[in-house]
Structures are given as C-alpha cells and as structure tokens.
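Novice: Every number in our numbering is 7 more than the matching position in the sequence shown, counting from 1.
Structure provided below as structure tokens; questions to follow.
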Amino acid sequence: MQKQKSKRNIFGGHRMLLAGILCLFGFCLLAQKPVQSRVKKPSEDTTKVRKREATPQKQPAKSKVYLIHSDLLRKDSRNPDAQVVVGNVVFRHDSVYMYCDSAYYYDKISSFEAFSNVKMNQGDTLFLYGDRLYYDGNTQIAEVRMNVRMENRNTTLLTDSLNYDRVYNLGYFFDGGTLMDEQNVLTSEWGEYNPGTKQSVFNYNVKLVNPQFTLTSDTLEYNTASKVANIVGPSDILSDNNHIYSERGTYNTMTGKAYLLDRSVLTNEGKQLTGDSLFYDRNEGLGEAFRNMVLTDTINKNMMTGEYGFYNEKRGYAFATDKAVAIDYSQGDSLFLHGDTLLMETFHLDTDSMFREMRAFHKVRFYRTDVQGVADSLVFSSKDSCLTMYRDPILWNESQQLVGEKICIYMNDSTIDWAHIINQALSVEQLDTTKYNQVTGKEMKAYFRDRQMYKTEVIGSVRVVYYPMDSDSTLIGMNVSETSKLDIYLENQKLEKMVMSPKSNGTLYPITQIPSGTDKLQNFVWFDYIRPLNKEDIFNWRSKKVEDQLKKNVRGPVELPNQHLFETKKE
Numbered sequence: 008m009q010k011q012k013s014k015r016n017i018f019g020g021h022r023m024l025l026a027g028i029l030c031l032f033g034f035c036l037l038a039q040k041p042v043q044s045r046v047k048k049p050s051e052d053t054t055k056v057r058k059r060e061a062t063p064q065k066q067p068a069k070s071k072v073y074l075i076h077s078d079l080l081r082k083d084s085r086n087p088d089a090q091v092v093v094g095n096v097v098f099r100h101d102s103v104y105m106y107c108d109s110a111y112y113y114d115k116i117s118s119f120e121a122f123s124n125v126k127m128n129q130g131d132t133l134f135l136y137g138d139r140l141y142y143d144g145n146t147q148i149a150e151v152r153m154n155v156r157m158e159n160r161n162t163t164l165l166t167d168s169l170n171y172d173r174v175y176n177l178g179y180f181f182d183g184g185t186l187m188d189e190q191n192v193l194t195s196e197w198g199e200y201n202p203g204t205k206q207s208v209f210n211y212n213v214k215l216v217n218p219q220f221t222l223t224s225d226t227l228e229y230n231t232a233s234k235v236a237n238i239v240g241p242s243d244i245l246s247d248n249n250h251i252y253s254e255r256g257t258y259n260t261m262t263g264k265a266y267l268l269d270r271s272v273l274t275n276e277g278k279q280l281t282g283d284s285l286f287y288d289r290n291e292g293l294g295e296a297f298r299n300m301v302l303t304d305t306i307n308k309n310m311m312t313g314e315y316g317f318y319n320e321k322r323g324y325a326f327a328t329d330k331a332v333a334i335d336y337s338q339g340d341s342l343f344l345h346g347d348t349l350l351m352e353t354f355h356l357d358t359d360s361m362f363r364e365m366r367a368f369h370k371v372r373f374y375r376t377d378v379q380g381v382a383d384s385l386v387f388s389s390k391d392s393c394l395t396m397y398r399d400p401i402l403w404n405e406s407q408q409l410v411g412e413k414i415c416i417y418m419n420d421s422t423i424d425w426a427h428i429i430n431q432a433l434s435v436e437q438l439d440t441t442k443y444n445q446v447t448g449k450e451m452k453a454y455f456r457d458r459q460m461y462k463t464e465v466i467g468s469v470r471v472v473y474y475p476m477d478s479d480s481t482l483i484g485m486n487v488s489e490t491s492k493l494d495i496y497l498e499n500q501k502l503e504k505m506v507m508s509p510k511s512n513g514t515l516y517p518i519t520q521i522p523s524g525t526d527k528l529q530n531f532v533w534f535d536y537i538r539p540l541n542k543e544d545i546f547n548w549r550s551k552k553v554e555d556q557l558k559k560n561v562r563g564p565v566e567l568p569n570q571h572l573f574e575t576k577k578e
C-alpha cells in the first residue's frame with residue numbers, strides 16, 4: 008500500500024485539483040460565463056487543498072476497473088498489493104478502454120499505473136495518449152504524464168502533465184500546454200479543456216495564433232466549436248494593419264467580429280478608436296463606438312468625439328453624432344468644432360490625388376482663442392484647404408465680425424490664410440459698447456497674418472461707417488462713405504488706412520455732431536449674443552433674433568448726407 012501511495016505521488020494531483028479550480032473560477036466553464044477576476048496562479052497541491060475545503064467529495068463509482076488482456080501477469084514481491092501486467096495490456100472502466108505496454112494493477116482499489124504507449128479511448132470522440140498514466144477508478148481521474156496528447160475530434164491538446172476528470176469531463180494542465188483546432192493555436196502556462204462543452208480556459212502568458220492575427224493575454228476563454236475567444240483580462244490583438252487592446256469582450260476568430268467593453272482601443276494606421284463599448288469587424292474594416300467615443304488621428308493631430316462614432320478603415324470614412332466634436336490640436340491652440348453630425352470622407356484612397364472632406368451639419372459652432380464661428384453647416388476639404396460655411400455664417404476674430412451668405416476660409420497649416428465672404432458681406436469692428444466701424448459690400452476678402460486680420464478688400468456697392476483716430480487713439484469723428492471698391496489696412500487689429508476706388512466724397516461728422524441714425528449701416532447687426540465664449544459653449548446653440556435675420560439686399564445706392572450741396576442748380 009505504501010508503494011501504491013508513492014506511485015500516486017509520482018504522478019501528482021488527483022480529483023481535488025479539479026474541484027479546487029472549479030471553486031476558484033466559480034464554475035465559469037460549466038456555466039459558460041466570463042471570469043470576473045484574476046487570481047494568484049494555482050499549483051497542483053494548492054488546488055487539492057482548495058477542493059477539500061470547498062467541494063463535496065464524489066461518491067465512489069459502483070463499477071470497477073477490469074483487466075481485459077495482457078501477455079503476462081505476475082506478482083512483484085516489492086509491491087505485494089499490485090499485479091504486474093506486461094504486453095498488449097488492456098483495461099476497461101465502464102465504456103472507457105485504456106491501453107499500455109505494462110502496468111501495476113491494483114485490483115482491490117480499482118486503480119492502475121500504466122507505462123509506455125499509453126492510450127485511453129472514451130467512445131469515438133476522445134483519445135488520450137502519453138508515456139505514463141495513473142488511473143483511479145473511484146474518483147475517475149486519469150493523471151497522464153510526458154508527451155501527453157488529448158484528441159477530441161478536430162481539437163488537440165499537447166502538454167507534459169494533464170489530469171482528466173471523467174466525472175466533470177474536464178482536462179487541465181498546469182505546467183504549460185498547447186491547444187490546437189482548425190483555426191487557432193493557443194499556448195499558456197495553465198489551462199483546462201472540456202471536451203463536452205468545447206470550452207477552454209487559459210491563464211498566464213496566453214498566446215492565440217491565427218493566420219490573420221495574434222492575441223496575447225493573461226486570461227482567456229476559448230470555445231473550439233464556435234471559435235469565439237472570451238477576453239477576461241488585459242489582451243492585445245495584433246494584425247498587419249491594426250491593433251486591439253481590451254480587458255473584457257468577445258472576439259470571433261472566424262468572422263473577425265469583436266464586441267469589446269471597458270474602454271477598449273482599436274488602432275489602425277495612426278488612428279485610434281475607443282469608447283465605453285466597441286464593435287469591430289476585421290474582415291470588413293468597420294468599427295463602431297458607443298458612449299464617450301474618441302477617434303484620434305495621431306498623424307494629422309486631430310480627433311473626433313461623441314456619444315456614437317463609426318469608422319470604415321477601408322474607405323477612410325467616419326462620422327460622429329450626439330455631442331459630436333472635432334478637435335484640431337496641430338497648432339498647440341486647439342480648435343473645437345461642434346455640430347449635430349460630423350462626417351469625414353476620403354476620396355481617391357491610396358492614390359496620389361487622395362484628399363479628405365470634413366463635414367459638419369446643423370447648428371455648427373466652433374471655438375479657438377483667436378477665432379470663433381457659427382453656421383448651419385460647413386465643409387472642409389484638404390484638396391484646397393478650404394473651409395466653407397453655409398447658411399447664415401458668422402466669423403469672429405478678436406474684435407472683428409464677418410457676416411455673409413457664404414464664407415470660405417482658406418487655411419495654411421491649420422491657420423487662417425484668408426477668408427472670402429460672398430453676398431451681403433458685412434464686417435464690423437467693435438470700438439466700444441456704442442461705436443462700431445462697419446463695412447458692407449457684395450463680397451469681401453479678409454487676409455490674415457499671425458492669426459490677425461491685416462487687410463480687407465470690399466467689392467461692389469461698398470458702404471462705410473468708420474471712426475478715424477489721431478495718433479493718441481482719440482476719436483476724431485465719424486465718416487460715412489460709399490464707393491465701388493475699398494481696401495482696408497489694419498495694424499494690430501486697428502484701422503491704419505482705407506483706399507477707395509473710385510475716391511469717395513464722404514462726410515466726416517464731428518464726434519459731438521453725429522446725426523441720429525447715421526452711425527449704423529442699414530444691414531448692421533452685432534451678433535455678440537451668439538458668439539461662442541469657450542470650448543464648452545459650442546454645445547449651446549443660440550438662434551438669431553428675428554429682427555437680426557439676414558435679408559436679401561435689394562435696395563439701390565444710398566445718397567450721402569449733403570452730397571448735392573455744391574451741385575449747380577439747373578435753369
């Protein structure tokens with residue numbers, strides 16, 4: 008009996024290991040539920056103790072292990088409790104057949120130790136091979152050692168130390184193993200596999216190799232039937248084009264579809280997509296993010312946020328909605344743009360003529376410290392670096408306000424180069440709470456240097472109200488003029504000079520003698536109540552007042568005060 012015990016210790020482990028592991032993972036395997044937390048790496052001995060403390064003992068089996076055949080049977084004086092069987096040995100326990108070259112057979116306790124060319128058949132679906140085997144007929148646990156191979160239809164498990172529990176139909180290894188099926192090869196330091204449910208659990212230095220990607224993790228569940236990997240610990244999925252990081256979720260290794268939680272991150276060619284939850288289809292190149300979505304382009308230094316986002320990596324197409332914001336941080340001072348929906352589309356992808364368009368539509372507002380704007384919608388094209396604002400657009404730069412039916416802003420390295428205001432163009436500069444320099448015309452071109460407007464061209468039906476100043480910035484009066492073309496030059500946002508073509512005979516009123524109603528152009532409006540105040544204010548849409556709505560300009564030239572004073576009366 009002592010010899011029997013020593014032999015059992017050689018193989019190590021018994022049924023206690025299985026139950027301890029099942030308690031440790033909360034029967035996650037049999038219930039097919041995700042592991043909720045990671046634990047300290049178990050050893051074979053600690054698992055035995057865990058089982059004794061937490062799991063009821065199984066009832067002894069009613070049937071016994073039978074010796075079916077051997078070429079030679081003899082007794083061994085050194086091991087009186089065992090029968091020595093040699094040559095073509097066959098054992099049977101219930102419907103399981105076990106084969107080996109030689110064995111110690113303990114008939115009284117329905118157990119045996121087998122050596123060389125060990126093989127175990129359970130029906131026609133499970134085959135277990137190894138160099139040595141200890142089988143306990145009472146606990147129905149097989150302990151297989153050295154060159155172990157478990158085959159279950161199209162699944163093969165390779166290891167040097169495997170315990171297989173027939174009651175729970177569970178095999179587990181604890182000194183490194185490899186599981187292979189038609190699709191994947193998985194390796195880890197510790198793992199278990201259930202041939203019935205096809206469910207497996209792997210821990211510590213887990214690696215799943217697929218022809219299209221490699222998954223590494225510290226904890227992973229995998230089903231050989233569905234080919235679905237259940238991510239339950241920090242994991243990285245790497246392929247030629249993208250990288251996925253996740254700590255919780257599922258990944259179908261056949262379809263390439265992933266459902267990821269807990270702020271998982273998808274990276275593809277300099278772009279990162281993350282959210283509280285993600286869906287990703289590797290084969291189609293589609294990604295969706297739900298709640299707190301962030302899509303970052305680390306190459307072009309911009310990002311898109313929102314409560315929902317979608318990205319097609321094959322088409323270079325993305326959009327965001329629900330508190331959607333586009334952020335450009337390429338110039339240090341970030342620009343924040345909000346609209347009901349933000350959309351990015353790539354044209355002529357992977358060609359020399361490739362360009363992108365960024366579109367924002369409905370209730371668009373943007374903010375940067377040097378420039379702010381609002382519009383119903385806008386489009387930015389990298390083809391000509393032009394940002395076009397549509398439908399009631401307004402643009403602010405410091406104390407300057409630009410209004411028109413359409414505004415085109417041409418960018419140079421993410422800063423404004425010049426702006427083109429088309430139809431009903433109006434430029435207003437605030438001097439104080441009551442005085443404004445004003446210019447209006449059919450169209451207007453404003454030029455910027457170092458983020459400040461330094462020149463403005465006004466073309467067609469030009470009308471002007473401005474306040475000239477002397478050298479100490481004292482107001483001289485108010486000038487009212489009209490011409491066909493006007494060039495305005497500014498220095499540090501202050502009016503330096505104006506050039507009119509043809510030269511206008513305007514009227515200069517002393518500051519104390521300005522007639523009532525002449526200090527505002529007919530289409531003057533100051534939209535300070537709409538202007539975004541900061542990056543948080545871009546979400547607060549404020550409509551124009553009814554009296555401030557832009558109206559089609561149909562009036563003719565306006566007579567300037569006293570313009571007929573010196574005309575000769577006709578007889």
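Cβ coordinates follow ideal geometry from the N, Cα and C atoms, glycine included.
Check each candidate in T463, E498 and T519 and name the one with the smallest Cα separation from M507.
Specialist: Of the candidates T463, E498 and T519, the one whose C-alpha sits nearest the C-alpha of M507 is T463.
Novice: With a CB to CB cut of under 8 angstroms and the five nearest residues on each side skipped, what residues in its chain are close to H76?
Specialist: Correct list, in chain order: N95, V96 and V97.
Novice: Below 6 angstroms CB to CB, which residues in the same chain sit around S588 once its five sequence neighbours on both sides are set aside?
Specialist: Past the boundaries of the shown model lies residue 588; the chain is included only from 8 to 578, so the question cannot be answered.
Novice: Of all the options A265, R458, N307 and E228, which has the alpha carbon lying nearest to the alpha carbon of E295?
Specialist: Per the Cα distances, A265.
Novice: Exposed or buried, what is P522 when buried is set at 16 or more other beta-carbons lying within 10 Å of its beta-carbon?
Specialist: The residue is exposed, with fewer than 16 neighbouring Cβ atoms inside 10 Å.
Novice: Using CA atoms only, rank isn't needed, just tell me which of R81, D138, N145 and S123 is closest to D101.
Specialist: Closest by alpha carbon: N145.
Novice: Smallest Cα separation from V239: which of S246, N248 and D225?
Specialist: Residue D225 is the option with its Cα nearest to V239.
Novice: Grouping DSSP H, G and I as helix and E and B as strand, with all else coil, what is D544?
Specialist: In the structure shown, D544 sits in a helix (DSSP, three-state: H, G or I).
Novice: Suppose contacts are defined by Cβ-Cβ distances below 8 angstroms. Is R289 in contact with L268 by that definition?
Specialist: The answer is no: Cβ separation not under 8 angstroms.
Novice: For Q445, which residues from the same chain have a beta carbon less than 6 angstroms from its beta carbon, with the 5 sequence-adjacent residues on both sides left out?
Specialist: Only V435, V472, L528 and F531 meet the Cβ criterion.
Novice: How should S242 be labelled, buried or exposed, when 16 other C-beta atoms within 10 angstroms of its C-beta is the threshold for buried?
Specialist: Per the 10 Å Cβ criterion, buried.
Novice: Find the nearest neighbour of M127 within the set Y104, R156, Q431 and M460, judged by alpha-carbon distance.
Specialist: For the residues Y104, R156, Q431 and M460, the minimum Cα distance to M127 belongs to Y104.
Novice: Taking three-plus beta-carbon pairs below 8 angstroms as touching, is the segment 448-456 in contact with the segment 480-489?
Specialist: No: fewer than three Cβ pairs fall under 8 angstroms.
Novice: With distances taken Cα to Cα, identify the nearest neighbour of V235 among T223, V155, G263 and K214.
Specialist: Ranking T223, V155, G263 and K214 by Cα distance to V235 puts G263 first.
Novice: In whole angstroms, what is the alpha-carbon distance linking L285 and Y258?
Specialist: Straight-line Cα distance between these residues: approximately 11 angstroms.
Novice: For the segment 513-520 and the segment 536-555, state whether three or more C-beta atom pairs, one from each stretch, are separated by less than 8 angstroms.
Specialist: No contact exists between the segment 513-520 and the segment 536-555.
Novice: Hey, how far is the Cα of S360 from the Cα of S389?
Specialist: Near 11 angstroms, if we compare the C-alpha coordinates of S389 and S360.
Novice: Quick check: what's the CA-CA separation for N275 versus E320?
Specialist: Computed Cα separation, rounded: 7 angstroms.
Novice: Between L186 and L193, is the Cβ-Cβ spacing less than 8 angstroms?
Specialist: Yes, the pair counts as a contact, with Cβ atoms nearer than the cut-off.
Novice: Between the Cα of T422 and those of D399, L344 and Q338, spot the shortest distance and give me the residue it belongs to.
Specialist: The candidate whose alpha carbon is nearest that of T422 is Q338.
Novice: Kindly indicate the opening and closing residues of the beta strand (DSSP E) around N249.
Specialist: Looking at the DSSP string, the run of the beta strand (DSSP E) that includes N249 is N249 to S253.
Novice: What number of angstroms, rounded off, separates the C-alpha of F119 from the C-alpha of Y175?
Specialist: Computed Cα separation, rounded: 20 angstroms.
Novice: Which residue or residues does DSSP assign as beta-bridge partners of S434?
Specialist: L409 and V446, per the DSSP bridge assignment.
Novice: So for V553, helix, strand or coil by DSSP?
Specialist: Of the three classes helix, strand and coil, the one that applies to V553 here is helix, per DSSP.
Novice: Spell out the partners DSSP gives N530 in its beta bridges.
Specialist: For N530, which the question treats as bridged, DSSP gives no partner whatsoever.
Novice: Does the beta-carbon of T223, which I'm using as the reference point, lie nearer than 7 angstroms to any heavy atom of the ligand NAP?
Specialist: Absence of the ligand NAP is noted for the structure shown, with no ligands found whatsoever.
Novice: Measure the alpha-carbon distance for L31 versus Q147 and round it to whole angstroms.
Specialist: Residue confidence for L31 is low, a pLDDT of 31 falling below 50, so the modelled location carries little weight and cannot support an answer.
Novice: Roughly how many angstroms lie between the CA atoms of D188 and N154, to the nearest whole one?
Specialist: So the alpha carbons of these two residues sit roughly 18 angstroms apart.
Novice: According to DSSP, what are the bridge partners of S508?
Specialist: K492, per the DSSP bridge assignment.
Novice: Alpha carbon to alpha carbon, how far is Q500 from V465? Give it in angstroms, no decimals.
Specialist: About 17 angstroms.
Novice: Need the endpoints of the beta strand (DSSP E) that N237 sits in, please.
Specialist: Note, N237: beta strand (DSSP E), V235 to I238.
Novice: Per DSSP, what kind of secondary structure is A232 in: helix, strand or coil?
Specialist: It is coil, neither helix nor strand.
Novice: If you draw a straight line from the C-alpha of Q459 to the C-alpha of E405, how long is it?
Specialist: Roughly 8 angstroms separates the two Cα atoms.
Novice: Across which residues does DSSP place L215 in a beta bridge pair?
Specialist: According to DSSP, which records beta bridges pairwise, L215 is partnered with L193 and L222.
Novice: Output the distance between the C-alpha atoms of E412 and M261, rounded to the nearest integer angstrom.
Specialist: When rounded, the distance between both Cα atoms is 53 angstroms.
Novice: Take L493 as the anchor and find which of M485, S511, G484 and S478 has the nearest alpha-carbon.
Specialist: For the residues M485, S511, G484 and S478, the minimum Cα distance to L493 belongs to S511.
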